[in-house]
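The structure under discussion appears below in the form of structure tokens.
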Amino acid sequence: MKIVKLKKENLFPFLESLSKEADLWAPVQKYENKHSFQLIKDFSQIDLKYTRTILPPKKLFLPPTFNMFLATEQGYEEDFSHVTKKILFGIHPCDIHGLLILDRFFQHVFDDPYYSKARQNTLILGHSCWPDENCMCKSTNTHIIEEGYDLFFSELETAYLVWIGSSEGDDCIRIKPGIFDEDITDEDIQIYIKWHNERDKAFQVDINFIAMPDLMELKYENPLWEKLGDACLACGSCSNVCPTCNCYNVLDKPLLNKYASEIGRCWDACTLESYSEVAGGENFREKRAQRLKLWYTHKLQAYISKYGKPACVGCGRCASTCPVDINVQTVAKALEGKDMDTFWNRLSKEVTK
Amino acid sequence: MNGENKCINQTNPYLPEAARIVRTYPLTEDVKYFQVRLVDMEKAISFKYSPGQFAMISVLGAGEAPFSISSTPSRPSLLEFCIRKAGTVTNAIFKLKENDHIGIRGPYGNGFPIESMHGKDIIIVMGGLGAAPLRSVLLYCLDNRDLFGRVALLHGAKRPAEMIFREEFFALKERKDLECYLTVDADDTGKWKENIGVVTTLFPQLKDINPSKTFAIVCGPPVMYKFVLKELIKLNIPKNQILMTLERRMKCGVGKCGHCAIDYIYTCIDGPVFTYWDVIHMKELI
Amino acid sequence: MKKDKLKIGIYELTGCAGCALLILDCENELVDIFQAADIQSFLMAKSDNIDGELDIALVEGSVSTEKDIEELMDIRKRAEIVVAIGLCSMVGGIQGRFCDEKEWKENFKKVYGDIEMTHTKPVQSKPIDAYIKVDYYLPGCPIGKEQFLNFFTRMLRGNPPERYPQPVCVECKYNENDCLLKKGILCLGPLTSGGCGAICINHNLPCVGCWGPVEGGNWISEYYLLKEKGFDDELIKNKMANFSGTKIAEVSEQLRK
Numbered sequence: 014m015k016i017v018k019l020k021k022e023n024l025f026p027f028l029e030s031l032s033k034e035a036d037l038w039a040p041v042q043k044y045e046n047k048h049s050f051q052l053i054k055d056f057s058q059i060d061l062k063y064t065r066t067i068l069p070p071k072k073l074f075l076p077p078t079f080n081m082f083l084a085t086e087q088g089y090e091e092d093f094s095h096v097t098k099k100i101l102f103g104i105h106p107c108d109i110h111g112l113l114i115l116d117r118f119f120q121h122v123f124d125d126p127y128y129s130k131a132r133q134n135t136l137i138l139g140h141s142c143w144p145d146e147n148c149m150c151k152s153t154n155t156h157i158i159e160e161g162y163d164l165f166f167s168e169l170e171t172a173y174l175v176w177i178g179s180s181e182g183d184d185c186i187r188i189k190p191g192i193f194d195e196d197i198t199d200e201d202i203q204i205y206i207k208w209h210n211e212r213d214k215a216f217q218v219d220i221n222f223i224a225m226p227d228l229m230e231l232k233y234e235n236p237l238w239e240k241l242g243d244a245c246l247a248c249g250s251c252s253n254v255c256p257t258c259n260c261y262n263v264l265d266k267p268l269l270n271k272y273a274s275e276i277g278r279c280w281d282a283c284t285l286e287s288y289s290e291v292a293g294g295e296n297f298r299e300k301r302a303q304r305l306k307l308w309y310t311h312k313l314q315a316y317i318s319k320y321g322k323p324a325c326v327g328c329g330r331c332a333s334t335c336p337v338d339i340n341v342q343t344v345a346k347a348l349e350g351k352d353m354d355t356f357w358n359r360l361s362k363e364v365t366k
Numbered sequence: 004m005n006g007e008n009k010c011i012n013q014t015n016p017y018l019p020e021a022a023r024i025v026r027t028y029p030l031t032e033d034v035k036y037f038q039v040r041l042v043d044m045e046k047a048i049s050f051k052y053s054p055g056q057f058a059m060i061s062v063l064g065a066g067e068a069p070f071s072i073s074s075t076p077s078r079p080s081l082l083e084f085c086i087r088k089a090g091t092v093t094n095a096i097f098k099l100k101e102n103d104h105i106g107i108r109g110p111y112g113n114g115f116p117i118e119s120m121h122g123k124d125i126i127i128v129m130g131g132l133g134a135a136p137l138r139s140v141l142l143y144c145l146d147n148r149d150l151f152g153r154v155a156l157l158h159g160a161k162r163p164a165e166m167i168f169r170e171e172f173f174a175l176k177e178r179k180d181l182e183c184y185l186t187v188d189a190d191d192t193g194k195w196k197e198n199i200g201v202v203t204t205l206f207p208q209l210k211d212i213n214p215s216k217t218f219a220i221v222c223g224p225p226v227m228y229k230f231v232l233k234e235l236i237k238l239n240i241p242k243n244q245i246l247m248t249l250e251r252r253m254k255c256g257v258g259k260c261g262h263c264a265i266d267y268i269y270t271c272i273d274g275p276v277f278t279y280w281d282v283i284h285m286k287e288l289i
Numbered sequence: 314m315k316k317d318k319l320k321i322g323i324y325e326l327t328g329c330a331g332c333a334l335l336i337l338d339c340e341n342e343l344v345d346i347f348q349a350a351d352i353q354s355f356l357m358a359k360s361d362n363i364d365g366e367l368d369i370a371l372v373e374g375s376v377s378t379e380k381d382i383e384e385l386m387d388i389r390k391r392a393e394i395v396v397a398i399g400l401c402s403m404v405g406g407i408q409g410r411f412c413d414e415k416e417w418k419e420n421f422k423k424v425y426g427d428i429e430m431t432h433t434k435p436v437q438s439k440p441i442d443a444y445i446k447v448d449y450y451l452p453g454c455p456i457g458k459e460q461f462l463n464f465f466t467r468m469l470r471g472n473p474p475e476r477y478p479q480p481v482c483v484e485c486k487y488n489e490n491d492c493l494l495k496k497g498i499l500c501l502g503p504l505t506s507g508g509c510g511a512i513c514i515n516h517n518l519p520c521v522g523c524w525g526p527v528e529g530g531n532w533i534s535e536y537y538l539l540k541e542k543g544f545d546d547e548l549i550k551n552k553m554a555n556f557s558g559t560k561i562a563e564v565s566e567q568l569r570k
């Protein structure tokens with residue numbers, strides 16, 4: 014793989030020349046210490062010191078709500094208006110892994126054109142990161158990235174080491190060839206290795222994901238799930254913020270002024286009560302505990318059994334989002350039989366609904 | 004057991020094709036028969052499916068839902084569906100008449116493992132609306148009679164009036180190369196000449212089963228499975244030669260929307276046909 | 314499949330009339346609405362109202378007087394389909410929060426004294442399904458424009474409204490808001506019917522629950538969570554009761570356990 018160097022002061026001029034061709038999206042501080050990928054109009058908004066955004070980058074490829082078709086009596090018109098040329102800058106390794114999992118999912122057997130077209134039209138420019146107390150990516154082995162990006166920027170003190178991951182990435186640096194330096198010194202390499210080692214030590218969470226499929230299987234009937242169900246607010250937020258959650262619902266929205274419908278699509282979450290409702294009103298996952306089991310079967314068991322790695326990329330969004338502390342960390346610990354009570358002891362013991 | 008993309012619209016699997024209702028008539032009080040043909044002749048011919056697969060049907064303004072295909076691919080270009088009035092989409096379909104248009108996309112799902120069934124004896128056990136998906140495989144076996152060994156049909160309904168495809172199955176009784184047994188739970192007409200009792204009461208009619216070379220196919224209401232499976236196990240039919248087809252809510256049919264998941268199995272692409280052995284391992288079904 | 318225009322009546326019982334006003338506020342669509350359906354009765358919009366047979370009756374407001382009861386019974390007799398629109402009609406509204414009869418009487422006396430009502434006799438406020446069978450519910454306080462138009466158009470085409478009960482949190486996350494509950498602010502998002510677009514939280518204000526309780530809300534867990542965050546027991550219960558109408562009865566039953 015080819016690696017070049019870019020002086021820090023040249024980053025924005027480089028992005029500026031790139032964003033003439035496409036919309037630039039990058040992390041922006043939306044609330045105190047809470048970030049969001051936003052369309053960049055002013056480069057000073059970009060905040061690369063972020064840890065994670067509230068919503069994962071999936072929102073750029075499949076927005077929370079969008080229309081798939083306009084259906085009329087004459088037929089169907091495809092609506093790809095959410096697909097625009099984009100550059101996603103500043104995405105961290107965990108989120109790139111998230112996209113790779115979504116790729117596999119949305120292109121498995123049938124290709125989802127609403128996802129794939131948006132994906133093909135987006136350049137992925139990754140950026141190195143530093144973990145906080147919720148980052149689990151070292152445990153999921155998604156703290157480093159070897160594929161899935163066009164360029165990846167590793168931040169050193171005064172410059173970036175830029176990994177070129179695709180031919181499109183290579184084309185990008187040719188737009189302003191003068192500002193990239195092909196000569197990487199021994200000193201640069203030493204700084205990079207030191208940074209890497211220090212970052213490795215900075216992770217505070219250690220979860221044995223490889224043990225999770227077995228634990229899920231062995232503890233499927235464990236009363237732990239009822240306890241989780243008692244605490245769960247069934248708000249669906251864990252799914253909405255998860256970079257690998259893909260479920261959606263389809264809505265037929267009829268137009269008043271002509272005999273036609275917009276066929277819309279919106280994010281759905283298996284933790285919501287309405288998710289498993291069928292025609293006639295029956296619900297085959299009426300209990301919150303059943304729905305949580307499904308969610309965690311998908312995150313901690315299914316993908317590991319199939320592909321040897323979890324469908325969780327360790328981004329920590331569930332941990333920083335769930336108001337009642339049900340997240341991959343706490344559930345994994347509980348499955349390991351640790352701290353079973355500490356997370357949910359706010360609930361009075363006699364609650365059993 | 005993953006399906007492959009044989010969908011009529013290769014570039015966008017969500018895109019329905021216009022289809023015309025050629026014939027429709029009531030089968031029972033709440034089940035209607037629909038025969039449809041894709042408007043585009045080329046697409047009508049290239050709509051290649053196997054028994055056990057399903058299609059998504061949409062009605063403008065009402066939405067979309069999955070339905071198993073009741074016709075057999077051995078009689079191409081026309082598709083048949085048996086639809087029970089259950090929700091918004093089916094209610095809207097019920098209001099449609101001949102020559103009205105619907106949207107169709109598919110075929111989806113794995114379908115029955117027809118090739119591994121070649122040369123084997125086939126027992127088809129259906130109850131109520133279970134006849135909708137199993138009629139496809141039954142007719143397929145009959146149209147390709149040389150490819151299969153014995154073929155037996157056990158079909159049960161609550162009352163004579165609720166037996167879908169009643170006349171068709173009675174006509175099949177005339178065939179010498181099919182063992183066709185019909186039953187109703189109760190006869191309120193006084194004219195029923197066949198067996199009376201639940202579908203399992205037909206099992207004594209099956210003589211000299213060679214279990215290792217037999218495939219059993221089951222579809223019916225949930226209560227039926229427990230008892231029918233017990234009978235099949237009694238006959239020593241291997242668990243991976245007992246096939247069943249499952250129904251779930253679906254929004255996409257192509258393994259993306261997640262609604263048909265049972266554990267981490269997606270009914271729409273990993274199914275809807277599963278062996279009894281597969282089903283034993285689905286924790287959410289137990 | 315063309316048949317006669319659907320005969321629709323829009324009625325207001327006791328409430329703020331906000332839901333009826335919202336329908337009137339669909340300015341761009343109003344002509345289409347009146348063209349597509351035969352609006353037989355809509356007191357806020359026109360004077361030539363007819364009280365005849367109806368295909369669909371939309372009923373706003375709670376039942377709070379004997380006159381309301383009479384009117385509602387009459388509507389049910391005349392209409393094929395009755396739809397409860399808005400919080401008051403669905404759960405009784407703010408005026409329905411005193412669900413204990415004794416408590417209601419005391420409060421009534423506190424506000425009105427011993428005054429004799431001549432026009433009609435007041436009764437304890439209740440949702441309309443306390444008196445009649447309701448076919449569909451359209452939540453909101455007031456109802457949302459988009460949901461109303463979607464609902465209205467589906468009904469015109471002979472399809473039942475799409476049922477999609479979700480808490481406010483869903484749209485709140487769609488909008489990438491920071492969770493207020495997580496920050497220790499008393500927000501009722503997880504317990505409240507969505508559809509409002511999480512408009513309050515978009516403006517950094519907590520959800521007060523005005524669209525009414527969402528199906529399957531976990532009141533107990535949120536109650537204990539708020540307690541843990543240091544909120545006073547009375548305050549939490551009051552906030553939860555504000556827009557929950559008679560539904561709060563079953564919730565307090567749960568909390569008492």
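So the sequence lines, in the order shown, correspond to chains A, B and C. If you count by our numbering, then the first sequence holds residues 14 to 366, one letter each, in order. If you count by our numbering, then the second sequence holds residues 4 to 289, one letter each, in order. If you count by our numbering, then the third sequence holds residues 314 to 570, one letter each, in order. From the three backbone atoms N, C-alpha and C, an ideal C-beta is built for every residue, glycine too.
query: For the stretch 430 to 446 of chain C against the stretch 366 to 385 of chain C, do three or more pairs of beta-carbon atoms, one drawn from each stretch, fall closer than 8 Å, so that the two count as touching?; result: yes
query: Nearest-angstrom Cα distance between Asp-281 of chain B and Pro-116 of chain B?; result: 14 Å
query: Mind checking if Met-4 of chain B is an interface residue toward chain C, Cβ cutoff 9 Å exclusive?; result: Low confidence applies here, because Met-4 of chain B scores a pLDDT of 40, under 50, leaving its location unreliable; read the following figure in that light. No, Met-4 of chain B lies away from the interface with chain C (no Cβ there is under 9 Å from its Cβ).
query: Write down the C-beta distance between Pro-136 of chain B and Gly-55 of chain B rounded to the nearest angstrom, noting that I regard them as a contact closer than 8 Å.; result: 6 Å
query: Run down chain A in chain order and give the residues with a C-beta less than 7 Å from the C-beta of Tyr-449 of chain C.; result: The premise fails here: Tyr-449 of chain C is roughly 13 Å from chain A at the closest Cβ pair, so nothing lies under 7 Å.
query: Could you pull out every residue in the same chain whose Cβ sits closer than 7 Å to the Cβ of Asn-5 of chain B, ignoring the five residues on either side in sequence?; result: Below a pLDDT of 50, predicted positions are generally treated as unreliable, and Asn-5 of chain B, at 45, falls in that range; no measurement from the model is reported.
query: Just to confirm the assignment: which complete alpha helix (DSSP H) runs, minimum length 4, are found wholly within the stretch 175 to 222 of chain A?; result: 180 to 188 and 199 to 215
query: Assuming Asp-381 of chain C contacts Thr-327 of chain C (C-beta within less than 8 Å), just tell me the rounded distance between them.; result: 6 Å
query: Nearest chain B C-beta to Lys-315 of chain C closer than 9 Å, yes or no?; result: Reliability fails at Lys-315 of chain C, whose pLDDT of 47 lies under 50, so the model's placement of it is uncertain and the value that follows must be treated cautiously. Not an interface residue.
query: Within 9 Å (strictly less), CB to CB, does Phe-465 of chain C reach chain A?; result: yes
query: Tyr-44 of chain A touches chain C at which residues, Cβ-Cβ below 7 Å?; result: Asp-491
query: Give me whichever residues DSSP pairs with Ala-160 of chain B in a beta bridge.; result: B:Val-187
query: Measuring CA to CA, which of A:Ile-114, A:Val-41 and A:Gly-249 is closest to Ser-129 of chain A?; result: A:Ile-114
query: Report yes or no: do the stretch 167 to 177 of chain B and the stretch 124 to 135 of chain B share at least 3 C-beta pairs separated by less than 8 Å?; result: yes
query: Once the 5 residues before and after Ala-22 of chain B are set aside, which same chain residues still bring their CB inside 8 Å of it?; result: Val-39, Arg-40, Leu-41, Val-42, Leu-82, His-104, Ile-105, Gly-106 and Ile-107
query: Hey, how far is the Cα of Asp-387 of chain C from the Cα of Ala-443 of chain C?; result: 15 Å
query: Between which two residues does the alpha helix (DSSP H) containing Tyr-261 of chain A stretch?; result: Not the alpha helix (DSSP H): Tyr-261 of chain A falls in the beta strand (DSSP E), residues 261 to 267.
query: Please tell me whether Leu-19 of chain A and Ala-172 of chain A are closer than 9 Å, where the distance is taken between their beta carbons.; result: yes
query: Please work out which residues of its chain come closer than 7 Å, Cβ to Cβ, to Val-254 of chain A, disregarding the five sequence neighbours upstream and downstream, and give them in chain order.; result: Ile-67, Leu-68, Pro-69, Arg-330, Cys-331 and Thr-334
query: I'd like to confirm something about Asp-191 of chain B: is its beta-carbon nearer than 8 Å to some heavy atom of the ligand NAD, or not?; result: Among the components of this structure there are no ligands whatsoever, and the ligand NAD is therefore not found.
query: For a test of the three-state rule: what should DSSP assign to Cys-406 of chain C, helix, strand or coil?; result: Contrary to the premise, residue 406 of chain C reads as Gly rather than Cys in this sequence. Three-state DSSP puts Gly-406 of chain C in coil, outside helix and strand.
query: For chain C, check one thing: does any of its Cβ atoms lie closer than 9 Å to the Cβ of Trp-280 of chain A?; result: yes
query: Does the beta carbon of Thr-310 of chain A come closer than 9 Å to any beta carbon on chain B?; result: yes
query: Since Tyr-28 of chain B is in the beta strand (DSSP E), which residue starts that stretch and which ends it?; result: 20 to 29
query: Quick check on this structure: which residue in A:Lys-300, A:Cys-325 and A:Arg-301 has the alpha carbon closest to the alpha carbon of Lys-312 of chain A?; result: A:Cys-325
query: How big is the Cα-Cα spacing for Trp-524 of chain C and Met-253 of chain B?; result: 29 Å
query: Alpha carbon to alpha carbon, how far is Tyr-536 of chain C from Glu-363 of chain A? Give it in angstroms, no decimals.; result: With a pLDDT of 47 at Glu-363 of chain A, under the threshold of 50, the modelled position of that residue is not reliable, and the figure given next carries that caveat. Each residue's alpha carbon lies about 15 Å from the other.
query: Can you check whether the CB of Cys-248 of chain A is closer than 9 Å to the CB of Cys-482 of chain C?; result: yes
query: Between which two residues does the beta strand (DSSP E) harbouring Ala-39 of chain A extend?; result: 36 to 44
query: Taking 9 Å as the CB-CB cut-off, is Tyr-128 of chain A touching chain C?; result: no
query: Indicate the three-state DSSP secondary structure (helix, strand or coil) for Gly-131 of chain B in the structure shown.; result: helix
query: Write down the C-beta distance between Ile-352 of chain C and Ile-321 of chain C rounded to the nearest angstrom, noting that I regard them as a contact closer than 8 Å.; result: 5 Å
query: Would you call Ile-283 of chain B buried or exposed, if buried means 16 or more other Cβ atoms sit within 10 Å of its Cβ?; result: exposed
query: With a Cβ-Cβ cutoff of 9 Å, do Phe-218 of chain B and Asp-146 of chain B count as a contact?; result: no
query: So, is the C-beta of Glu-528 of chain C closer than 9 Å to a C-beta in chain B?; result: no
query: Quick one: give me the first and last residue of the alpha helix (DSSP H) that Glu-170 of chain B is part of.; result: 169 to 175
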